[in-house]
Amino acid sequence: MRKLYKTMLLLMVATVGMGTFVSCNDDDDLAKADALFRPIISDDNIEMGLDDNLVPYMNVKWDNYTDANQYTISVEPADGSVAPKEITTSELSCHFDGLEYDKEYFIYISAANTNTGLKSKAYSLTATTPDYPTSLSTLQATDIIDIAVRVRWTPGVYYDRLRILNDDGEVVTEVTLTEEDNAAAQKVVYGLSPKTSYRVEAYAGDSYKGKKRFTTAASELFSGEVIDLRGLDEDTAWKWFSVGSGSAYTNTLDSLIKNGYQDKDITIVLEGGTKYRIATIELPSTTGTITFVTGLSLAGEAQMGVEGNFRVAGSSEVGGVVFDKIFFTDTENKPRTDSHYGATYIFNMNQSGGNIGTVKFTNCSIKYKRGICRIQTAATIQNVIIDNCIIDSISGYGITNADNGKADIQNVKITNTTVSNAEKICVGTKGLQPNSLVVENCTFVYTIADAKPFFDFKSSNWSSFQDKFVFKNCLIGMAGRNKEELATTGISGWRQPSA
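According to the working numbering, the sequence shown is numbered sequentially starting from 97.
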């Protein structure tokens, strides 16, 4: 019985094997393919460049595929900005010209057999065309601030306009270039937003001439209410400092404080390189501090061309006035060549009871003044602070001058400052006794007229003042009214408040 079972099993295996053998040798019934294999291309199959007219082109090549006798290749901008281009060919390569600059393209390729009608699915990859070889300069950190950019290009290259676009391709601003711009080979463009990515494109006529990308800087943080005057032309900007009811500009400093910002801190951001003409400006009462500061700039410090002075209205209190990164200079109406360098002051307090808490100068250059802070009536400045400044060409009223029996400059602190060509420094021969005077880490050269005291005070209580008088770590060079009028006798020490 076991033998019979074994025999039957062997017969079954043999039968199955023969059937399999017969099937493997019968290929007459195989199904025919209903499509072709897709052509495959890689980055190595793509060549891109610029033609003789500096216009982008693309060459594409591929291998021959069995049963295929025709290929269709198309290139399509990924952003859909222009129509796609398509080539059908029996060759194994093709050429596209007239492509867009710096554009990502989808490349599609498919195969076909024109005899059988069979086709393959499309194979795709992406490639980016080269950009125009621009003469625009790479933008450096020194060319970029929060709201503007300085665009430079190769001298001798002529552009008609610059266009600024954001990351969405939207035109933010467009400027027409003048002969002067092209001669300077640079242009400052305003109207941008802080911490934002842009590209600047150059054009000659309607022809695109390349681009550069940049990101604007973050804005500075200022205290209180901020009024940004940057981006205004000079004629508009100076009107913010015009005075009187006949002012051509409604938002004058006086009305600004009275009608919206009284008793608030105000920061007025000035445009670097702009010269603001300062007539006599009378500050109204406010407990706030008014700060004038050069904002982020591509043209150095803002200038204040002083033709008059600042002062406080009578019987009024001003919390403080701060100047930061300002260059004080002369004007054509009050030139340095006139007597006493034009005979102007930064502060000339001549309204009785007009008082200031603090007057502060930081990082400023102050030149061509008869004096810096003078009080000629019964008024008070609690603190005068000067730090990290350059002071030059100051006439007989010096840096501070209490020039009235009731004039009161209570505390003076001058640090990290260079003083030159100054006839006097601190004067208090008429006013009330100061509370303190601190002068540290300063340099003085061509300073103090011959036989005059370095600090000139005259009061009645030296014993209460001497502990608050600090003069240390200072360098003192040649004495004299200026370098043309050197002292022959020298500095006459300092005249202290008398006992």
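In this text, a Cβ means the ideal position worked out from N, Cα and C, and glycines have one as well.
Just so it is clear, the structure is predicted and the values come from calculations on it, not from any experiment.
1) Buried or exposed, going by whether 16 or more other CB atoms sit within 10 Å of the CB of Val118?
2) When you compare each of Lys579, Gln282 and Lys554 to Gly252 by their alpha carbons, which one comes out closest?
3) Roughly how many angstroms lie between the CA atoms of Ala498 and Asn451, to the nearest whole one?
4) Pull up the CB-CB distance for Tyr255 and Tyr299, whole angstroms please, since I reckon it's below 8 Å.
5) Drop a sphere of 10 angstroms on the beta-carbon of Met445, count the other beta-carbons inside from all chains shown, and report buried for 16 or more, exposed for fewer.
6) With DSSP collapsed to three states, give me the class of Gly42.
7) When burial is assigned at 16 or more other CB atoms within 10 Å of the CB, is Val455 buried or exposed?
8) Would you identify the three-state DSSP class for Tyr254, choosing helix, strand or coil?
9) Ignore the nearest five residues each way along the sequence and tell me which others in Ile572's own chain have a CB closer than 6 Å to its CB.
10) Nearest to Ile486 by alpha carbon, out of Lys465, Asn479, Asn500 and Ala475?
11) Can you tell me which of the three DSSP states Ser617 falls into?
12) With a Cβ-Cβ cutoff of 7 Å, do Glu306 and Leu232 count as a contact?
13) The ligand ZN heavy atoms versus the CB of Pro135: any closer than 6 Å?
14) Please specify which runs of the beta strand (DSSP E), each continuous and at least 3 residues long, are wholly inside the region 506 to 542, giving them in chain order.
15) What does Ala208 pair with, by DSSP beta-bridge criteria?
16) So, is Asn429 buried or exposed, given that buried needs 16 or more other C-beta atoms within 10 angstroms?
17) Helix, strand or coil for Gly438? Go by DSSP, reduced to three states.
18) Where does Val417 land, buried or exposed, given buried means 16+ other C-beta within 10 angstroms?
19) Let me know the secondary structure DSSP gives Thr376 once reduced to three states.
20) Between which two residues does the beta strand (DSSP E) holding Ala333 run?
21) How big is the Cα-Cα spacing for Phe337 and Gln358?
22) Within the continuous beta strand (DSSP E) that includes Ser186, where are the two ends?
23) Go to Lys307, then tell me how far its alpha helix (DSSP H) extends in each direction, as first and last residue.
24) Just to confirm, are Asp62 and Asn512 a CB contact at a threshold of 7 Å?
25) Between which residues of its own chain and Val535 is the CB-CB distance below 6 Å, once the five residues before and five after are set aside?
26) Just the C-alpha distance for Tyr201 and Phe310, rounded to the nearest angstrom, thanks.
27) Mind checking who Met400 pairs with in its DSSP beta bridge?
28) For Pro226, collect the residues of the same chain with a Cβ closer than 8 Å to its Cβ; drop the 5 residues on either side in sequence, then sort them by chain order.
29) Compute the beta-carbon to beta-carbon distance between Gly467 and Gly494, rounded to the nearest angstrom, for a pair I have assumed lies under 8 Å.
30) Can you name the residues that DSSP bridges to Phe561?
31) Can you look up Leu221 in the DSSP assignment and give me helix, strand or coil?
32) Please determine, among Leu221, Phe565 and Lys360, the residue with the shortest C-alpha to C-alpha distance to Ser319.
33) Which residues in the same chain have their Cβ closer than 7 Å to the Cβ of Thr301, if we skip the five residues on either side of it in sequence?
34) Ala207 and Leu288 - do their beta-carbons sit closer together than 7 Å?
35) For Trp249, which beta-bridge partners are listed by DSSP?
36) Just the C-alpha distance for Ser186 and Gln166, rounded to the nearest angstrom, thanks.
From the atom records:
1) Numbered from 1 along the sequence shown, position 22 holds the residue referred to as residue 118. Caution is warranted here: a pLDDT of 43 is assigned to Val118, below 50, making its placement in the model unreliable, and the coordinate value is therefore given only provisionally. Exposed, because fewer than 16 other Cβ atoms sit within 10 Å of the Cβ of Val118.
2) Position 156 of the sequence shown, counting from 1, holds the residue named residue 252. Here the closest residue by C-alpha is Gln282.
3) Position 402 of the sequence shown, counting from 1, holds the residue named residue 498. Position 355 of the sequence shown, counting from 1, holds the residue named residue 451. One C-alpha to the other measures close to 13 Å.
4) Translated into the one-based positions of the sequence shown, residue 255 becomes position 159. Translated into the one-based positions of the sequence shown, residue 299 becomes position 203. At roughly 7 Å, the Cβ-Cβ gap stays under 8 Å, so Tyr255 and Tyr299 are in contact.
5) For the purposes of this step, residue 445 is taken as residue 349 along the sequence shown, with counting starting at 1. Classification of Met445: buried, given that the 10 Å Cβ count is 16 or more.
6) The requested residue 42 does not occur in the structure, where the chain is confined to residues 97 to 595.
7) Within the sequence shown, numbered from 1, the residue matching residue 455 stands at position 359. Classification for Val455: buried.
8) Residue mapping note: residue 254 aligns to position 158 of the sequence shown, counting from 1. Looking at Tyr254 - three-state DSSP - the assignment turns out to be coil, as it is neither helix nor strand.
9) Along the sequence shown, read from residue 1 onward, the residue named residue 572 stands at position 476. The residues are Phe540.
10) By one-based count along the sequence shown, residue 486 stands at place 390. For the residues Lys465, Asn479, Asn500 and Ala475, the minimum Cα distance to Ile486 belongs to Lys465.
11) The shown model of the chain, from 97 to 595, leaves out residue 617, and the question about it has no answer.
12) Your numbering for residue 306 matches position 210 in the sequence shown. Your numbering for residue 232 matches position 136 in the sequence shown. Reading the sequence as shown, one finds Gly at residue 306 and not Glu. Yes, they are a contact pair.
13) Absence of the ligand ZN from the depicted structure is noted, as is the absence of any ligand whatsoever, leaving it without description.
14) You should have 514 to 518, 522 to 524 and 532 to 536.
15) The residue labelled residue 208 in the question sits at position 112 within the sequence shown. In the DSSP assignment, Ala208 forms a beta bridge with Gln166 and Lys215.
16) By 1-based counting over the sequence shown, the position of residue 429 is 333. Answer is exposed; the Cβ neighbour count stays below 16.
17) Residue numbering aside, residue 438 sits at position 342 when the sequence shown is read from its first letter. Correct three-state label for Gly438: helix.
18) For the purposes of this step, residue 417 is taken as the residue at position 321 of the sequence shown. So Val417 counts as buried.
19) Locating residue 376 in the sequence shown gives position 280, where the first residue counts as 1. Here Thr376 sits in coil by DSSP.
20) Counting from 1 along the sequence shown, the entry for residue 333 is found at position 237. Note, Ala333: premise wrong, no beta strand (DSSP E); alpha helix (DSSP H) at Glu330 to Trp334.
21) Looking up residue 337 in the sequence shown gives position 241. Looking up residue 358 in the sequence shown gives position 262. The alpha-carbon atoms of Phe337 and Gln358 are separated by roughly 17 Å.
22) If you number the sequence shown from 1, residue 186 lands on position 90. First-last for Ser186: undefined, no H or E at that position.
23) For the purposes of this step, residue 307 is identified with residue 211 of the sequence shown, where counting begins at 1. From DSSP, Lys307 is part of no alpha helix (DSSP H) but of the beta strand (DSSP E) over Ser303 to Thr311.
24) Because the chain is modelled from 97 through 595, residue 62 falls outside the range shown and cannot be assessed.
25) In the sequence shown, counting from the first residue as 1, residue 535 sits at position 439. Cβ neighbours of Val535 beyond the five flanking positions: Ile510 and Phe567.
26) Working through the sequence shown from its first residue, we reach residue 201 at position 105. Working through the sequence shown from its first residue, we reach residue 310 at position 214. Between the alpha carbons of Tyr201 and Phe310 lies a distance of about 24 Å.
27) Locating residue 400 in the sequence shown gives position 304, counting from the first residue. According to DSSP, Met400 bridges with Tyr372 and Phe424.
28) Residue 226 sits at position 130 when you count from the first residue of the sequence shown. Hits under 8 Å: Met144, Gly145, Leu146, Pro152, Tyr197 and Asp198.
29) Locating residue 467 in the sequence shown gives position 371, counting from the first residue. Locating residue 494 in the sequence shown gives position 398, counting from the first residue. Yes, Gly467 and Gly494 are in contact; Cβ-Cβ is about 6 Å, under 8 Å.
30) Residue mapping note: residue 561 aligns to position 465 of the sequence shown, counting from 1. DSSP lists no partner for Phe561.
31) Taking the sequence shown and counting its residues from 1, one reaches residue 221 at position 125. Reduced to three states, the DSSP call for Leu221 is strand.
32) The count along the sequence shown starts at 1 and reaches residue 319 at position 223. It is Lys360 whose Cα lies nearest to the Cα of Ser319.
33) The count along the sequence shown starts at 1 and reaches residue 301 at position 205. A small correction: the amino acid at residue 301 is Gly; Thr does not occupy that position in the sequence shown. If we look at Gly301 and ignore the five residues flanking it on each side, its Cβ neighbours are Asp256.
34) Along the sequence shown, read from residue 1 onward, the residue named residue 288 stands at position 192. Along the sequence shown, read from residue 1 onward, the residue named residue 207 stands at position 111. No.
35) As a position in the sequence shown, residue 249 is number 153, starting the count at 1. Looking at the DSSP assignment, Trp249 forms a beta bridge with Leu232.
36) Position 90 of the sequence shown, counted from the start, is the residue given in the question as residue 186. Position 70 of the sequence shown, counted from the start, is the residue given in the question as residue 166. Their backbone Cα atoms lie some 4 Å apart in a straight line.
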